[in-house]
Amino acid sequence: MITLMTTPQQPAPWTPPSPPPVRFESPRFTIRAYEPSDAPALFHAIDAFRESYVPWLPWARSQHKTIADSAACIDRFRASMANPLAPENNAVFGFVYGVFDKASGELIAGTGFNRLAPEWHNAETGYWVRPDRRRQGIATEVLARTISIGFAPQCQGGFGFRRIHIFAAAANTASRGVPARLGLRQIMHARQDRWLEGLGWSDSIGWDVLADEWDLSRSRLRA
Ligand SMILES: CC(C)(COP(=O)(O)OP(=O)(O)OC[C@H]1O[C@@H](n2cnc3c(N)ncnc32)[C@H](O)[C@@H]1OP(=O)(O)O)[C@@H](O)C(=O)NCCC(=O)NCCS
């Protein structure tokens, strides 16, 4: 009997969609690329609540000190969207989106993809929500929809990723609750791998999900 062995062939590296998705929706929110006119709203969303984002988001300590800072940041987000794999973009920005309340138009949260790994067709996502809007399921709704646009094929307006992962400080109870609520798989607990203001060396936890585990039409794990 002859057994034919087939060697898996590595697919070509992932390439960014061109043009990238600039706008998608969840039931309550419009999730879209920032525009220059969003600078005052972005400044307000961070500056008015700065202490509520630290120590988890170190950039909230140092950035968005003025509307002009936020405008410069938006310029960088937009430059990154156009060239996300440039190392200076990919490590920090990649694709950055604001989350706007459909009812009020207010900027209430943020998300995106960065640390894109073309060889592995992977990306990392994350989230923040304004403290006056927390515990309303916003991060959960936005993460679910962001994963769906991440996995949707590029020919259907998505990113075409194969795997998406999320990392949070182990001490960040609120952030840990979001992937947990979507039932994502915990993949790691790294000991003391990050420095957090006021806490020192801190553990990280990671979760991931693969495209074939995700129900795109329902924005949740397949049953
Ligand atoms: C983490 C964060 C985005 C959560 O946003 P949110 O919209 O309030 O989250 P959700 O309402 O979707 O909560 C999902 C689950 O997480 C858990 N959770 C959220 N906030 C929590 C809190 N303060 N304490 C305990 N559990 C919490 C709960 O299990 C919650 O489900 P439940 O409300 O049904 O019990 C928000 O707290 C935040 O912006 N924090 C500061 C920035 C940050 O830490 N970003 C993440 C960096 S990795």
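Residue numbers (this note's numbering): 1349 to 1571.
In this text, a Cβ means the ideal position worked out from N, Cα and C, and glycines have one as well.
Look at F1507 here: in three-state DSSP terms it is coil, with no helix or strand label. Beta bridge pairing from DSSP links H1513 with E1472, D1556. Linking F1443 to A1416 through their CA atoms gives a straight-line distance of about 21 Å.
A residue is called buried once 16 or more other Cβ atoms fall within 10 Å of its Cβ, and N1431, having fewer, is exposed.
In the three-state reduction of the DSSP assignment, N1520 falls in the coil class.
Chain-ordered, the residues whose CB falls short of 6 Å from any heavy atom of ligand 1 come out as Y1401, W1404, L1405, G1474, Y1475, W1476, V1477, R1482, R1483, Q1484, G1485, I1486, A1487, T1488, A1516, N1520, T1521, A1522, S1523, G1525, V1526, R1529. Per DSSP, the beta bridge partners of D1449 are F1377. Cβ neighbours of L1558 within its own chain (closer than 8 Å, five residues either side excluded): R1510, R1511. As the crow flies, the alpha-carbon of F1448 is around 29 Å from that of D1560. By the Cβ neighbour-count rule, P1369 is buried, with 16 or more other Cβ atoms within 10 Å of its own.
Checking the DSSP bridge columns, you'll see R1568 partnered with D1563. The C-beta separation of T1459 from V1490 comes to about 5 Å, placing the pair in contact by the 8 Å criterion.
Listed in chain order, the non-local C-beta contacts of A1538 below 6 Å within the same chain comprise S1552, local neighbours out to five positions each way being set aside. Taking a C-beta distance under 8 Å as the contact criterion, A1492 and Y1475 do not qualify as a contact pair.
With the rule of 3 Cβ pairs closer than 8 Å, the segment 1354-1362 does not count as touching the segment 1371-1379.
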